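Residue numbers (my numbering), protein chains in the order written: chain A, 77 to 348; chain B, 77 to 348. Contents: one structure, followed by commentary.
2 protein chains.
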Amino acid sequence: MANPMYRQIAESLREQIESGALGPGQQLRTELELREQYGASRNTIRDAIKWLTTLGLVETKPGQGTFVVQKIDPFVTTLTADPKRPGGAEIAVPGEDGYGEVDRSPAGQKRKLTYSDPQIEIQKADGKVAEHLRVAEGSSVISRHQRRYIDGTPWSLQTSFYPMGFVVRGAGRLIEAGDIRDGTVKYLADTLGLRQVGYRNWITVRSPDMTEAGFFSLPQDGRVGVFEILETAFDQTATPMRLTVTVFPTDRNQFIVNVGEVPAEQLITDNT
Amino acid sequence: MANPMYRQIAESLREQIESGALGPGQQLRTELELREQYGASRNTIRDAIKWLTTLGLVETKPGQGTFVVQKIDPFVTTLTADPKRPGGAEIAVPGEDGYGEVDRSPAGQKRKLTYSDPQIEIQKADGKVAEHLRVAEGSSVISRHQRRYIDGTPWSLQTSFYPMGFVVRGAGRLIEAGDIRDGTVKYLADTLGLRQVGYRNWITVRSPDMTEAGFFSLPQDGRVGVFEILETAFDQTATPMRLTVTVFPTDRNQFIVNVGEVPAEQLITDNT
DNA sequence: GGGTATTTGTCCGTATGTATT
DNA sequence: AAATACATACGGACAAATACC
Numbered sequence: 077m078a079n080p081m082y083r084q085i086a087e088s089l090r091e092q093i094e095s096g097a098l099g100p101g102q103q104l105r106t107e108l109e110l111r112e113q114y115g116a117s118r119n120t121i122r123d124a125i126k127w128l129t130t131l132g133l134v135e136t137k138p139g140q141g142t143f144v145v146q147k148i149d150p151f152v153t154t155l156t157a158d159p160k161r162p163g164g165a166e167i168a169v170p171g172e173d174g175y176g177e178v179d180r181s182p183a184g185q186k187r188k189l190t191y192s193d194p195q196i197e198i199q200k201a202d203g204k205v206a207e208h209l210r211v212a213e214g215s216s217v218i219s220r221h222q223r224r225y226i227d228g229t230p231w232s233l234q235t236s237f238y239p240m241g242f243v244v245r246g247a248g249r250l251i252e253a254g255d256i257r258d259g260t261v262k263y264l265a266d267t268l269g270l271r272q273v274g275y276r277n278w279i280t281v282r283s284p285d286m287t288e289a290g291f292f293s294l295p296q297d298g299r300v301g302v303f304e305i306l307e308t309a310f311d312q313t314a315t316p317m318r319l320t321v322t323v324f325p326t327d328r329n330q331f332i333v334n335v336g337e338v339p340a341e342q343l344i345t346d347n348t
Numbered sequence: 077m078a079n080p081m082y083r084q085i086a087e088s089l090r091e092q093i094e095s096g097a098l099g100p101g102q103q104l105r106t107e108l109e110l111r112e113q114y115g116a117s118r119n120t121i122r123d124a125i126k127w128l129t130t131l132g133l134v135e136t137k138p139g140q141g142t143f144v145v146q147k148i149d150p151f152v153t154t155l156t157a158d159p160k161r162p163g164g165a166e167i168a169v170p171g172e173d174g175y176g177e178v179d180r181s182p183a184g185q186k187r188k189l190t191y192s193d194p195q196i197e198i199q200k201a202d203g204k205v206a207e208h209l210r211v212a213e214g215s216s217v218i219s220r221h222q223r224r225y226i227d228g229t230p231w232s233l234q235t236s237f238y239p240m241g242f243v244v245r246g247a248g249r250l251i252e253a254g255d256i257r258d259g260t261v262k263y264l265a266d267t268l269g270l271r272q273v274g275y276r277n278w279i280t281v282r283s284p285d286m287t288e289a290g291f292f293s294l295p296q297d298g299r300v301g302v303f304e305i306l307e308t309a310f311d312q313t314a315t316p317m318r319l320t321v322t323v324f325p326t327d328r329n330q331f332i333v334n335v336g337e338v339p340a341e342q343l344i345t346d347n348t
């Protein structure tokens, strides 16, 4: 009896969930019913439910009840692709490159990627952008931002940064709204002779900010994290030519990295 | 007055933290003091602090107080390396391959990797192992498990799986305790002629289980997630020869993926 | 649309337990 | 041993969101 009562109650409910007695989407008994069932006060029941909530096992809906969470069929993105392909990896501004990529879920369905028109701004490079793009902090950069969806559900938020000098040197369409035909990679090669020869993805996980939580409909308490992937693309002189920051919720995204000779992807059903 | 009081109090404290008025590691005023300061009940103050806790901004210590969390200097691991190098990527059983890898933090220090002796078991392949290793579910596999540390702090938990047939065919040392000289990749090449020509990393984020939370000293409420990286290694016939599952806490780990021609790593100080 | 019952959310006060100093 | 500070648990009251008639 070392454990507090609310944890024991949570454990009891957890077993019911993981054994399948309470299936995904199913409603739990109300707090008042559980209060009688376990002989505890309503506040203690609420502590148990709050615990399960932070564990991501249940969610509460005011006026309705408490429900076992549905597991989301995850999106799978391959981070390694042809370094010279327009757009680089699949995650690299596929929208701007006119690619209607398909993402394959573990269950094997093909999915449809859509994206908003790019929202373009001229910004001062903050510390992170300046360091990865190797420009002076505070210098002007072009920012192209998109919201991206798979089958209509919010998938990722992406922002690409380019040095302002690119526009001066002849790549004026970078600051025009609307997609760039054949993508920015080809456009920069054609106009400035900048060939993308490789890129580096820097993968971190952090808590979502308010904008991200809103766009992805994540719980506001920061329980669900987001991947933040910084992709730095390099030209033939090993100089950074683009920084793309993409944010994905961790609860619905997985990534694949292939190295060396690897057979085509097996479609694997994840039954964790 | 749209927001509940505990959220307003949390917001007030959050601003003090993010503005720097309350520095990392610094102690907040006690619940009783805050109760008078904000004119709320102690339970409401506790709700505000609990909210900040799930946001990962503060931590509470019984008998001591509430403190602003320290940001951890993260470990950075490169997932793309020579596919034929013993051990594959840096994350691939470097311990078993006798590599004393160094990890470079954003701040640029070199760090020392240590690891426990492998703990070896014969197990039945569960669904996940069977599918990635492409063996029948329930067939025997060799499991080699290690705890890995950087500078003495827990870094990752790693388990490698090999088909049991490898031992029958002559790779008997796989089931012996202790490190294998020159690593398992070279050992399997020497004994069975299995050359590792590539590998695939499958990156997911999930909540830690009890064992993991204990080893990494993570809060038990599952607030901090863990990376689970499944590395499947392939031999020259494109057959899976090894599955390595590695678990890293997301609060102290970052990953790098290089594609194409990429300059040597810039040491970047992350001042997010 | 309105009203009512149901269910979770917020807030209070109090008492006692447990960990740390 | 004592003081301090957070943790658990109780009970009660009202608010807010939702569903249903």
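Virtual Cβ for every residue (Gly too), placed ideally from N, Cα, C. Keep in mind that this is a model prediction, so the values were computed, not measured.
The region 271-283 of chain B and the region 120-139 of chain B do not touch, with fewer than three beta-carbon pairs separated by less than 8 Å. The alpha-carbon separation between G269/A and V333/A amounts to approximately 29 Å. For V323/A, the closest of G248/A, E288/A and L98/A by C-alpha to C-alpha distance is E288/A.
Boundaries of the alpha helix (DSSP H) around G241/A: G241 to V244. Approximately 24 Å separates the beta-carbon atoms of V152/A and L133/A; this is outside 8 Å, ruling out the contact.
For N277/B, the enclosing beta strand (DSSP E) stretches over residues Q272 to R282. Per DSSP, the continuous beta strand (DSSP E) segment holding D311/B begins and ends at V302 to D311. If you draw a straight line from the Cα of R118/A to the Cα of I125/B, it comes to about 21 Å. The region 284-303 of chain B makes contact with the region 313-328 of chain B; the number of CB pairs closer than 8 Å reaches 3 or more.
In terms of beta-carbon proximity, N119/B stays away from the interface with chain A, with every pair separated by 7 Å or more. The shortest C-alpha to C-alpha distance from D266/A to any of Y238/A, G246/A and V273/A is the one to G246/A.
Burial check for I198/A: the Cβ neighbour count within 10 Å stays below 16, so the residue is exposed.
In summary, the residues of the region 284-301 of chain A whose CB is separated from some CB of chain B by less than 8 Å are D297, G298, R299 and G301, in the order they occur in the chain.
Residues of chain B whose Cβ lies closer than 8 Å to the Cβ of A157/A are, in chain order, V335. Residue pairing for N119/B: DSSP places it in no beta bridge. Listed along the chain, the chain B residues whose CB falls inside 7 Å of the CB of G132/A are S283 and G298. For G101/A, the closest alpha carbon among the candidates D123/A, K147/A, R224/A and L250/A is that of K147/A. The beta-carbon of N277/B is placed less than 7 Å from the nearest beta-carbon of chain A. DSSP places I218/B in the strand class (E or B) of the three-state scheme. Out of S232/A, K262/A, V205/A and R271/A, the CA that lies nearest to the CA of F303/A is found in S232/A. In the DSSP assignment, I85/B falls within the unbroken alpha helix (DSSP H) covering M81 to E94. In terms of beta-carbon proximity, P239/A stays away from the interface with chain B, with every pair separated by 7 Å or more. For a cut-off of 8 Å, the C-beta gap from F310/B to P339/A is around 6 Å, short enough to register as a contact.
Contacts with chain A at 7 Å (Cβ-Cβ) do not include Q113/B.
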